[in-house]
Amino acid sequence: MTFIVLEGFSGTGKTTLAKTLERRGWKRLAESAHAVSSEIPVGERADTFSDYSLVGATMQYASIIARSRRERDIVAEGYFLSDLAYALIRYDLRKSAAFPHLLEMVRKILGERVLRPDLYLLLRAHSTTIRRRQEEKNEREKNVSKFFRERYYSSIEYIHGELGQRNLEIVNTDSDPDRTLARIVVKLKSHGFDVSSS
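For the sequence shown, the working numbering begins at 2 and goes up steadily by one.
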């Protein structure tokens, strides 16, 4: 079965697309920021301990992925590389010291073939689309700074290279979710994955 990861800055449509796939029978793994306690700061307010907690939330999925992968398609809203991208930004800003340790730990985790995604889909959207979508989020989930948005994409690309996770496709999500999903299905099929958009 297929294991894909939807990566992208807050407001690019990861949750909407993952929930659509979930309704079509896929196993959905929520983004770590949604999985941790509301007491843990995320986004621009996060720190070293938040970074450990966010990666820890993603680690909880390892057993689910290992058990479910042979029987069911899996879609993750973000995954270790997204957690690391935010940790790297905070590390560079001296808000967190977690990045070097987490990078090495994730390198070992992804050494397990069953935990490596078949394909990463990096979602991009225009800043006005992101701003509009972020208005619908609660204060805790908002991540509005242009600096964070721009750094997220340079950080995620760096981490993909650093960890040798080169199975990456970029998808624009400015249009409605059905059109975006149709583009994702085309990309999956071009990689040889047998999926349906219905």
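All C-beta atoms, glycine included, are put in the ideal place defined by N, C-alpha and C. As the structure is a prediction and not an experimental result, all values here were calculated from the model.
- For residue 95, the three-state secondary structure derived from DSSP is coil.
- For residue 167, the number of other beta carbons within 10 angstroms of its own is below 16, and it is reported as exposed.
- Residue environment for residue 81: buried (at least 16 other C-beta atoms within 10 angstroms of its C-beta).
- Scanning the segment 113-172 from its first residue to its last, the whole beta strand (DSSP E) runs of 3-plus residues come out as 120-125.
- For residue 133, there are no CB contacts under 6 Å within the same chain when 5 residues up- and downstream are skipped.
- In the DSSP annotation of this structure, the continuous segment of the alpha helix (DSSP H) that includes residue 104 starts and ends at 100-110.
- The segment 83-90 and the segment 49-68 touch, with three or more beta-carbon pairs separated by less than 8 Å.
- Short of 7 Å from the beta carbon of residue 108, and not among the five residues preceding or following it, lie these beta carbons of its own chain, in chain order: 164.
- Distance from the Cα of residue 118 is smallest, within the candidate group 153, 62, 156, 95, for 62.
- About 18 Å separates the CB atoms of residue 126 and residue 76; that is not less than 8 Å, and the two are not in contact.
- By the Cβ-count criterion, residue 162 is exposed, with fewer than 16 other Cβ atoms from all chains shown falling within 10 Å of its own Cβ.
- With 16 or more other Cβ atoms from the protein chains shown falling within 10 Å of its own Cβ, residue 8 counts as buried.
- Pairing residue 13 with residue 124 gives a Cβ-Cβ distance under 7 Å.
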